[in-house]
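**Q**
Residue numbers (the UniProt record's numbering): 1 to 504.
Dropping the structure here:
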């Protein structure tokens with residue numbers, strides 16, 4: 001059997017050697033339930049939770065808007081923008097408002113740190129001072145008031161951004177796998193054929209795909225799913241029915257996506273355009289009625305085909321790399337300090353959740369390798385123990401020895417203990433015990449000699465302490481010491497005595 005080794009006081013014995021470290025498996029995707037779990041508010045009433053959700057949406061949109069404006073000022077490609085948005089969303093989920101780290105930074109600093117990390121990842125290198133200077137100069141109207149990147153005013157903000165960069169990398173689990181959904185969008189558009197209608201839909205879908213990164217849809221679905229959703233939304237906005245029909249005829253399983261995932265992405269984009277019209281690019285170009293018309297058409301299709309609003313992640317039997325959209329990447333694990341609620345999240349997520357403050361935190365990309373390493377490490381920390389019972393005779397000290405009992409031993413075990421105790425006595429004590437036993441035997445022999453005498457004395461009858469003899473036949477005491485004439489002759493019958501008394 002396997003048991004934990006403990007010390008003499010009962011506490012677990014600390015393991016020998018360093019801690020085997022804690023592994024966190026990287027995950028590119030997360031379900032809607034995981035997003036809601038990270039941002040859930042358990043304190044306060046319904047109104048306070050609603051205000052907290054509205055504040056979170058506002059901070060998310062402001063951060064993405066800041067990234068978009070600054071990257072255009074720095075002339076960065078769109079792939080840097082998409083990567084920075086992914087890092088910003090993951091950072092906000094890992095450090096939500098209400099936590100120690102979530103309340104200790106500004107959203108602009110988090111956006112700057114995310115953009116700086118994306119520049120290094122996409123090989124479009126920019127220094128932290130350059131990012132901060134571009135953001136500062138956008139607020140200045142006159143050209144002569146613009147500040148260069150080496151100005152001393154950026155010294156302290158640069159240190160803050162560099163410090164947050166480490167938290168951004170940890171929130172992304174040091175996963176440098178990037179996606180290029182705009183390139184996938186161009187490939188799908190080329191498969192639809194050539195023409196002005198396709199080019200018009202492609203240009204509009206490019207902008208719609210840029211707006212999708214203002215939502216959490218990039219964390220939930222693959223690049224092909226985002227591209228299909230952007231193309232279909234652009235075709236519906238531009239009223240290109242021919243392009244829409246050709247798009248629906250494209251094999252979706254060949255692009256590792258499904259109709260339910262595309263529908264969820266489109267509805268997320270429509271929620272952005274309807275609820276936050278001014279915070280998007282296409283929101284101000286079209287009227288609210290156009291978005292509502294598309295929303296009603298998609299809702300009708302969902303009701304007819306029984307398509308759920310959100311695609312839920314399956315519950316695997318073992319750690320696997322499959323998620324709700326079939327893309328071979330693991331689902332996102334919950335971050336430490338997050339609020340737990342009864343939401344459906346991937347079953348493998350809590351298995352790789354790190355424990356803060358225990359050993360070194362390591363990051364891996366393959367969940368199966370992480371599981372194999374953990375099983376191998378645990379085998380070295382398990383101790384095999386065999387339990388068996390053994391009786392050991394322990395001598396009792398003289399001060400703690402119980403008083404000898406006069407009666408017979410109550411059990412065989414007490415007799416055995418008494419014999420063991422006698423054997424361990426010193427020679428003088430043994431002689432004293434032998435003398436007491438010999439005296440007991442002499443007294444027993446005297447009692448044996450006295451028993452025949454008592455039987456001879458009581459042979460003629462029983463006598464009391466006064467020496468009177470008890471007659472068993474008459475059941476009376478006969479005392480001849482006082483009146484031999486009276487007690488020598490036999491008693492008269494009771495009827496005769498009554499007759500004589502009456503005559504008197």
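Note that CB positions come from ideal geometry on N, CA and C, so glycine has one too. Bear in mind that the values here come from a model prediction, so they are computed numbers and not experimental data.
For residue 88, which residues does DSSP report across the bridge?
**A** Reading the chain shown from its first residue, position 88 is the one you call residue 88. DSSP output for residue 88 lists no bridge partner at all.
**Q** Quick one: using the 10 Å Cβ neighbour count with 16 as the cut-off for buried, is residue 154 buried or exposed?
**A** Within the chain shown, the letter at position 154 stands for residue 154. Result: buried.
**Q** Is the Cβ-Cβ distance between residue 128 and residue 168 less than 7 Å?
**A** Your numbering for residue 128 matches position 128 in the chain shown. Your numbering for residue 168 matches position 168 in the chain shown. No. Outside cutoff.
**Q** Which of the three DSSP states is assigned to residue 307 in this structure?
**A** Within the chain shown, the letter at position 307 stands for residue 307. Coil at residue 307, not helix or strand.
**Q** So the candidates are 446, 265 and 273; which of them puts its Cα closest to the Cα of residue 310?
**A** Counted from its first residue, the chain shown places residue 310 at position 310. When each option's Cα is compared against that of residue 310, the closest is 265.
**Q** Can you tell me whether residue 181 is buried or exposed? The criterion is at least 16 other CB atoms within 10 Å of its CB, across all chains shown.
**A** In the chain shown, the residue the question calls residue 181 occupies position 181. Label assigned to residue 181: buried.
**Q** Look up residue 99 in the DSSP assignment and say whether it is helix, strand or coil.
**A** Within the chain shown, residue 99 is the residue found at index 99, counting from 1. DSSP places residue 99 in coil when its eight states are reduced to three.
**Q** Give the DSSP-derived three-state secondary structure of residue 312 in the structure shown.
**A** Within the chain shown, the letter at position 312 stands for residue 312. Coil at residue 312, not helix or strand.
**Q** Over the uninterrupted alpha helix (DSSP H) stretch that includes residue 176, give me the two end residues.
**A** Walking along the chain shown from the start, residue 176 turns up at place 176. It is not in any alpha helix (DSSP H) - residue 176 carries neither H nor E in the DSSP assignment.
**Q** Thinking just about the alpha-carbon of each residue, which of 209, 288, 190 and 273 is nearest to the one in residue 243?
**A** Your numbering for residue 243 matches position 243 in the chain shown. The residue with the shortest Cα to Cα distance from residue 243 is 190.
**Q** Can you give me the C-alpha to C-alpha distance between residue 32 and residue 312, rounded to a whole angstrom?
**A** Within the chain shown, numbered from 1, the residue matching residue 32 stands at position 32. Within the chain shown, numbered from 1, the residue matching residue 312 stands at position 312. If I take the Cα positions, the gap works out to 7 Å.
**Q** Could you tell me the alpha carbon to alpha carbon distance between residue 372 and residue 378, rounded to whole angstroms?
**A** Indexing the chain shown from 1 puts residue 372 at position 372. Indexing the chain shown from 1 puts residue 378 at position 378. Cα-Cα distance, rounded: 10 Å.
**Q** For residue 24, does the three-state DSSP call read helix, strand or coil?
**A** Residue 24 sits at position 24 when you count from the first residue of the chain shown. Looking at residue 24 - three-state DSSP - the assignment turns out to be strand.
**Q** Specify, as a first and last residue, the run of the beta strand (DSSP E) that residue 364 falls within.
**A** What you label residue 364 is simply residue 364 of the chain shown in a count that begins at 1. Its beta strand (DSSP E) spans residues 361-364.
**Q** Closer than 8 Å is the cut-off here; do at least three beta carbon pairs connect the segment 65-85 with the segment 111-128?
**A** Counting Cβ pairs under 8 Å, three or more are found: they touch.
**Q** Could you tell me the distance, in whole angstroms, from the CA atom of residue 290 to the CA atom of residue 308?
**A** On the chain shown, position 290 is the one that residue 290 refers to. On the chain shown, position 308 is the one that residue 308 refers to. Spanning the two alpha carbons is a distance of roughly 23 Å.
**Q** Measuring only the C-alpha atoms, how far is residue 237 from residue 204?
**A** Sequence index remark: in the chain shown, residue 237 carries index 237 (1-based). Sequence index remark: in the chain shown, residue 204 carries index 204 (1-based). Roughly 9 Å between the two C-alpha positions.
**Q** Under 7 Å Cβ to Cβ from residue 111, same chain only, skipping five residues before and after it: list those, please.
**A** On the chain shown, position 111 is the one that residue 111 refers to. Correct list, in chain order: 63, 66, 67 and 88.
**Q** Please list, in chain order, all residues of the same chain as residue 134 whose beta carbon is under 7 Å from its beta carbon, the five residues on each side excluded.
**A** If you number the chain shown from 1, residue 134 lands on position 134. These residues qualify, in order along the chain: 70, 73 and 74.
**Q** Would you check if the distance between the CB atom of residue 230 and the CB atom of residue 254 is smaller than 7 Å?
**A** Within the chain shown, the letter at position 230 stands for residue 230. Within the chain shown, the letter at position 254 stands for residue 254. Not closer than 7 Å, so no.
**Q** First and last residue of the alpha helix (DSSP H) that includes residue 206?
**A** By one-based count along the chain shown, residue 206 stands at place 206. 196-212 is the span of the alpha helix (DSSP H), which, as asked, contains residue 206.
**Q** By the three-class DSSP mapping on this structure, what secondary structure does residue 556 have?
**A** Lying outside 1 to 504, the shown extent of the chain, residue 556 is not represented and no answer is given.
**Q** Work out the CA separation of residue 59 and residue 156 for me, nearest whole Å.
**A** Translated into positions along the chain shown, residue 156 becomes position 156. Translated into positions along the chain shown, residue 59 becomes position 59. Computed Cα separation, rounded: 23 Å.
**Q** How long is the line joining the alpha carbons of residue 451 and residue 440, rounded to whole angstroms?
**A** As a position in the chain shown, residue 451 is number 451, starting the count at 1. As a position in the chain shown, residue 440 is number 440, starting the count at 1. Roughly 17 Å between the two C-alpha positions.
**Q** Would DSSP call residue 254 helix, strand or coil?
**A** On the chain shown, residue 254 is found 254 positions in, with the first residue counted as 1. Correct three-state label for residue 254: helix.
**Q** For the alpha helix (DSSP H) containing residue 188, list its first residue and its last residue.
**A** By 1-based counting over the chain shown, the position of residue 188 is 188. Per DSSP, residue 188 belongs to the alpha helix (DSSP H) from 181-191.
**Q** Could you tell me the distance, in whole angstroms, from the CA atom of residue 108 to the CA atom of residue 297?
**A** As a working note, residue 108 is residue 108 in the chain shown. As a working note, residue 297 is residue 297 in the chain shown. Distance between the alpha carbons of residue 108 and residue 297: 38 Å.
**Q** Can you list, in chain order, the residues of its chain whose CB lies under 6 Å from that of residue 132, leaving out five sequence neighbours each side?
**A** Residue 132 sits at position 132 when you count from the first residue of the chain shown. Closer than 6 Å at Cβ, skipping near neighbours: 154 and 157.
**Q** Could you give the DSSP three-state label for residue 131: helix, strand or coil?
**A** Numbered from its first residue, the chain shown carries residue 131 at position 131. If DSSP states are grouped into helix, strand and coil, residue 131 belongs with the helices.
**Q** Are residue 145 and residue 197 closer than 7 Å when you measure CB to CB?
**A** By one-based count along the chain shown, residue 145 stands at place 145. By one-based count along the chain shown, residue 197 stands at place 197. It is not a contact, given that the beta carbons lie outside the stated cut-off.
**Q** From residue 251 to residue 211, what distance separates their C-alpha atoms?
**A** To locate residue 251, count along the chain shown from 1; it is residue 251. To locate residue 211, count along the chain shown from 1; it is residue 211. The straight-line gap from Cα to Cα measures roughly 25 Å.
**Q** Just the C-alpha distance for residue 192 and residue 248, rounded to the nearest angstrom, thanks.
**A** In the chain shown, residue 192 corresponds to position 192, counting from 1. In the chain shown, residue 248 corresponds to position 248, counting from 1. Distance between the alpha carbons of residue 192 and residue 248 is about 10 Å.
**Q** What's the C-alpha gap between residue 288 and residue 201?
**A** By one-based count along the chain shown, residue 288 stands at place 288. By one-based count along the chain shown, residue 201 stands at place 201. Residue 288 and residue 201: Cα-Cα distance of roughly 20 Å.
**Q** Express the C-alpha separation of residue 114 and residue 126 in angstroms, rounding to a whole number.
**A** As a first step, residue 126 is located in the chain shown; it is residue number 126 there, counting from the start. As a first step, residue 114 is located in the chain shown; it is residue number 114 there, counting from the start. Cα to Cα, the separation comes out at about 12 Å.
**Q** Would you say residue 214 and residue 272 are within 7 Å of each other, going by their C-beta atoms?
**A** Here the question's residue 214 lines up with position 214 in the chain shown. Here the question's residue 272 lines up with position 272 in the chain shown. Yes, these two residues count as a Cβ contact at 7 Å.
**Q** What's the C-alpha gap between residue 92 and residue 219?
**A** As a working note, residue 92 is residue 92 in the chain shown. As a working note, residue 219 is residue 219 in the chain shown. Approximately 12 Å, taken between the alpha carbons.
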